[in-house]
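K.L.:
Numbering (the numbering used here), first residue to last: 11 to 146.
#1: Quick check on the burial criterion: 16 or more other C-beta atoms within 10 angstroms. Buried or exposed for residue 51?
#2: According to DSSP, simplified to helix, strand and coil, what is residue 75?
#3: Excluding the 5 residues preceding and the 5 following residue 63 in the sequence, name in chain order all residues of the same chain whose CB lies nearer than 6 Å to its CB.
#4: Check the Cβ-Cβ distances between residue 85 and every residue of chain C, and say whether any is below 8 Å.
#5: Within 10 Å of its beta-carbon, does residue 98 have 16 or more other beta-carbons around it, so buried, or fewer, so exposed?
#6: Pick out whichever of 65, 74, 90 has its Cα sitting closest to the Cα of residue 118.
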């Protein structure tokens with residue numbers, strides 16, 4: 011019985027120590043960067059991570075260790091705006107390509123979120139770009 015009591019006490023201390031360690035390891039990120047249906051993720055040559063935050067209609071950028079860097083975009087159809095961005099890719103020059111699903115177009119940005127170009131079904135791709143797929 012004494013052995014059982016010591017085992018229970020040891021496990022209680024172990025669980026408490028692990029819980030304290032978890033609290034300290036959880037990252038403390040600046041807000042607001044809450045995701046709402048993140049759909050696409052890509053990384054650049056430096057390891058920065060870009061997330062297509064679909065229901066927030068924006069792109070978010072993080073450092074390789076998870077620190078929030080920037081966000082760009084808003085809901086709309088103008089240059090640099092999105093309607094449910096889904097796919098995302100980064101080329102060897104760290105340009106970011108975003109599949110703007112709701113606007114049926116592809117937009118190109120610098121790694122800092124500055125708009126460069128767009129391709130859409132009406133101007134550049136004709137009727138071949140009716141329903142973009144995120145699998146590219």
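Yeah, the Cβ is synthetic: ideal placement off N, Cα and C, and Gly gets one too.
P.N.:
This is what the structure holds:
#1: The residue you call residue 51 lines up with position 41 of the chain shown. With fewer than 16 Cβ atoms within 10 Å of its Cβ, residue 51 is classed as exposed.
#2: As a first step, residue 75 must be located in the chain shown, where it is residue number 65. Reduced to three states, the DSSP call for residue 75 is coil.
#3: The count along the chain shown starts at 1 and reaches residue 63 at position 53. Closer than 6 Å at Cβ, skipping near neighbours: 45, 48, 70.
#4: The structure shown contains no chain C; it holds only a single protein chain.
#5: By 1-based counting over the chain shown, the position of residue 98 is 88. The residue in question, residue 98, is buried, as its Cβ has 16 or more Cβ neighbours within 10 Å.
#6: Translated into positions along the chain shown, residue 118 becomes position 108. Residue 118 has its Cα closest to that of 90, out of 65, 74, 90.
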